[in-house]
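Asker: Position 67, counted from 1, in the sequence shown is what this note's numbering calls 236; the numbers after and before it change by one each time, with no gaps.
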Amino acid sequence: MALTLQGDNHIDALPYVDQGYEDAGVREGALRLVEEETRRYKPTKNYLEHLSALKSTFETPIVKAEFDRISARQPMELLSMKRYELPQPGTAQKNDLAAWQEAVDNSMAQLEHQVGRITNLELLSQYSVNEWKLHNGFLTQMVEHEQRKLKQLRGKVQEVNWQRKTEQAAAGAQLQTLSNHWNALVHKNFEIEKACVELEKELETLREKLGQRNSDVPPEEPQIAQ
170 MALTLQGDNH IDALPYVDQG YEDAGVREGA LRLVEEETRR YKPTKNYLEH
220 LSALKSTFET PIVKAEFDRI SARQPMELLS MKRYELPQPG TAQKNDLAAW
270 QEAVDNSMAQ LEHQVGRITN LELLSQYSVN EWKLHNGFLT QMVEHEQRKL
320 KQLRGKVQEV NWQRKTEQAA AGAQLQTLSN HWNALVHKNF EIEKACVELE
370 KELETLREKL GQRNSDVPPE EPQIAQ
């Protein structure tokens with residue numbers, strides 16, 4: 170029973186009905202057929218063109234640039250620690266007031282940054298427990314939602330498999346009936362052909378006997394009219 174899919178692909182198998190998949194050499198033979206078809210298959214067009222284009226809100230410009238970097242096999246830029254350094258003016262700028270002012274401003278910015286970090290740590294120690302509880306609750310809701318979706322999808326997959334099994338079982342029974350009918354007709358035709366051959370032999374034997382009988386009978390002499 171062949172099923173026609175999109176394109177010129179045909180499936181001629183009933184996995185729920187066919188037997189012999191576990192026999193020795195079957196798997197190796199199937200793999201050889203797949204390898205042979207893979208070598209011969211040369212697509213002339215995009216076989217995914219019937220699918221809609223992938224749209225993802227996750228691929229931001231920054232993420233896209235990172236994917237492009239990975240595709241180009243370029244190394245990742247190292248994290249710059251320059252903003253955390255506190256360099257003092259060099260020897261040539263030892264008496265430069267502007268250079269010292271820049272260094273002081275940098276040290277004050279670093280100090281404020283550390284103060285901000287300390288403040289964040291204090292806030293974290295005070296409010297982080299409740300925030301983490303809320304976040305964990307949100308994650309739990311997400312997990313439960315996805316688990317329900319997964320259960321629904323598995324149910325749909327199970328329904329599809331049961332439908333396939335039912336349809337293939339019905340098709341297998343029909344194929345078995347047709348196969349039995351075909352075998353009966355072949356056997357009947359063989360019996361008819363055998364009977365015809367035997368009848369032809371009997372006819373040939375009767376013809377031979379009739380020929381011999383006619384050859385044994387002497388021809389009648391013609392009678393003279395008085």
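In this text, a Cβ means the ideal position worked out from N, Cα and C, and glycines have one as well.
Unbroken alpha helix (DSSP H) runs of length 4 or more, entirely within the segment 307-336: which are they?
Answerer: none
Asker: Skipping 5 residues on each side, what residues in its chain have a beta carbon closer than 6 Å to that of Gly-176?
Answerer: No answer about Gly-176 holds up, because its pLDDT of 47 lies below 50 and its placement is not dependable.
Asker: What residue range does the alpha helix (DSSP H) around Ala-234 cover?
Answerer: 230-240
Asker: Are there three or more Cβ pairs, one per stretch, closer than 8 Å when the segment 185-201 is compared with the segment 333-347?
Answerer: yes
Asker: Taking the C-alpha atoms as reference points, what is the distance between Ala-442 and Leu-247?
Answerer: Only positions 170 to 395 of the chain appear in this structure, which leaves residue 442 out of reach.
Asker: Could you compute how far the alpha carbon of Trp-269 sits from the alpha carbon of Pro-256?
Answerer: Cα to Cα, the separation comes out at about 10 Å.
Asker: Straight-line CA distance for Asp-192 to Leu-368?
Answerer: 46 Å
Asker: Is the Cβ-Cβ distance between Ala-267 and Pro-258 less than 7 Å?
Answerer: Against a cut-off of 7 Å, the Cβ pair of Pro-258 and Ala-267 comes out as no contact.
Asker: Could you check the C-alpha separation between Leu-174 and Leu-223 for me, to the nearest Å?
Answerer: Because Leu-174 sits at a pLDDT of 43, beneath the cut-off of 50, its placement in the model cannot be relied upon, and the following sentence gives the value as read from the coordinates. For Leu-174 and Leu-223, the distance between alpha carbons rounds to 23 Å.
Asker: Assign Val-203 to one of three DSSP states: helix, strand, or coil.
Answerer: helix
Asker: Assuming Tyr-253 and Gln-279 make a contact with CB atoms under 8 Å, what is their CB distance in whole Å?
Answerer: Confirmed, about 7 Å.
Asker: Helix or strand or just coil, what does DSSP make of Ser-221?
Answerer: Assigned with DSSP and collapsed to three states, Ser-221 falls in coil, not helix or strand.
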